[in-house]
Amino acid sequence: MKERIITALCLIAIVVPAVIFGGIFYKIVIGVAMALSVYEMLHICSRPRIGIYMYIIVGLFFVTGFLFNRNQLLISSYSILVYLAVILACMIFDDKCNIERSAYVFTMGVLVCSGLHALLVLRVDYGWEYLLLLAIATFGSDTGAYFAGMAFGKHKLIPRLSPKKTIEGSIGGIVLGSVLGLVFAYFTGILAHHWIIVPAIIVMTTTSQIGDLIFSAIKRYFEVKDYSKLLPGHGGILDRIDSLTFNVLIFSFFLMIVGL
């Protein structure tokens, strides 16, 4: 627990100032997260080890996805279709790249790239308040679920994916994430101008847990505990931003639908 707390405090000390000040500092943080995410998502493909060329293909998709979609929260379908065509073509030249592996590389690449891209645009176009609101609702849900599960957890949520998660913990996460998100939105003025943000906050406390379970299902499939051991007590970068990566897409879709 001590190691986990120290790592979390170090991450907060790096990321929060970058979020608030924005500019090149935040872009560097996103760039580092992008590079580490590409490595982690492909590194767990160990039976057999994935070809080095795939790191280049996925990396190029991430870079072009960022460069060609600067002013929109969600990356365009054209970028995704080109990426799909290239990944499928790899099956012709690489006998290790079957349809199952191609599907994983495509799906995970689109999910993570879209999430990190949305995190960048959300800060640039909407401001640090909206980005921190997303983070507070997401991590507030994670924290509430963790402590509520430890204190009251009796009924397993989905044991085949995450044996420690409980229904009581999930409810505690929704409550804490919603309260923290609403309080933050109130004091930053977001709630006063856009009351419609209330259902978005509540929904995000639920979808953050769904995102976490999705990434857990992937780790279960590859029989790994963490995506890497980069962050002591936390695993890899994808272990930390899994629910955030998923949630930012939900939040972005909401913002686009309501026209904010």
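Under this note's numbering, the letters of the sequence shown match residues 3 to 262, in that order. Even for Gly, the Cβ is constructed at its ideal location relative to N, Cα and C.
Residues of its chain near residue i, where Cβ-Cβ distance is below 6 Å and the 5 sequence neighbours each way are ignored
i           : result
residue 27  : 20
residue 235 : 5, 6, 9
residue 166 : none
residue 260 : 198
residue 151 : 168, 171
Distance between residue j and residue i (C-alpha atoms, nearest Å)
i           : j           : result
residue 142 : residue 178 : 6 Å
residue 135 : residue 223 : 32 Å
residue 25  : residue 254 : 20 Å
residue 30  : residue 111 : 20 Å
residue 225 : residue 211 : 20 Å
residue 43  : residue 192 : 35 Å
residue 98  : residue 90  : 12 Å
residue 73  : residue 118 : 14 Å
residue 79  : residue 126 : 22 Å
residue 130 : residue 231 : 29 Å
Distance CB(residue i)-CB(residue j) smaller than 8 Å
i           : j           : result
residue 35  : residue 199 : no
residue 77  : residue 115 : yes
residue 315 : residue 209 : There is no way to answer for residue 315, as the model of the chain reaches only from 3 to 262.
residue 204 : residue 180 : yes
residue 113 : residue 160 : no
residue 239 : residue 38  : yes
residue 147 : residue 183 : no
residue 121 : residue 132 : no
residue 40  : residue 61  : yes
residue 83  : residue 108 : no
residue 245 : residue 163 : no
residue 263 : residue 256 : Here the chain comprises residues numbered 3 to 262, so residue 263 is not present and cannot be evaluated.
For residue i, the three-state DSSP class (helix, strand or coil)
i           : result
residue 172 : helix
residue 48  : strand
residue 16  : helix
residue 195 : helix
residue 222 : helix
residue 38  : helix
residue 211 : helix
residue 24  : coil
residue 178 : helix
residue 75  : coil
residue 183 : helix
residue 201 : helix
residue 235 : coil
8 Å CB neighbourhood of residue i in its chain, flanking five on each side removed
i           : result
residue 81  : 63, 66, 67, 70, 71
residue 206 : 136, 139, 140, 143, 179, 183, 249, 252, 253
Residue range of the unbroken alpha helix (DSSP H) whose run includes residue i
i           : result
residue 130 : 130 to 154
residue 248 : 239 to 260
residue 230 : Careful: residue 230 lies outside any alpha helix (DSSP H) and carries neither H nor E.
residue 115 : 101 to 123
residue 161 : Segment: none, residue 161 is in no alpha helix (DSSP H) and carries neither H nor E.
residue 61  : 54 to 69
residue 94  : 79 to 95
Contact set for residue i: own chain, Cβ-Cβ below 7 Å, skip 5 residues either direction
i           : result
residue 100 : 93
residue 258 : 75
residue 96  : 53
residue 157 : 168, 169, 170
residue 46  : 224, 226, 229
residue 104 : 89, 90, 92, 93
residue 145 : 178
Short CB-CB distance (under 8 Å) between residue i and chain C
i           : result
residue 107 : Among the chains of the structure shown, chain C does not appear; only one protein chain is present.
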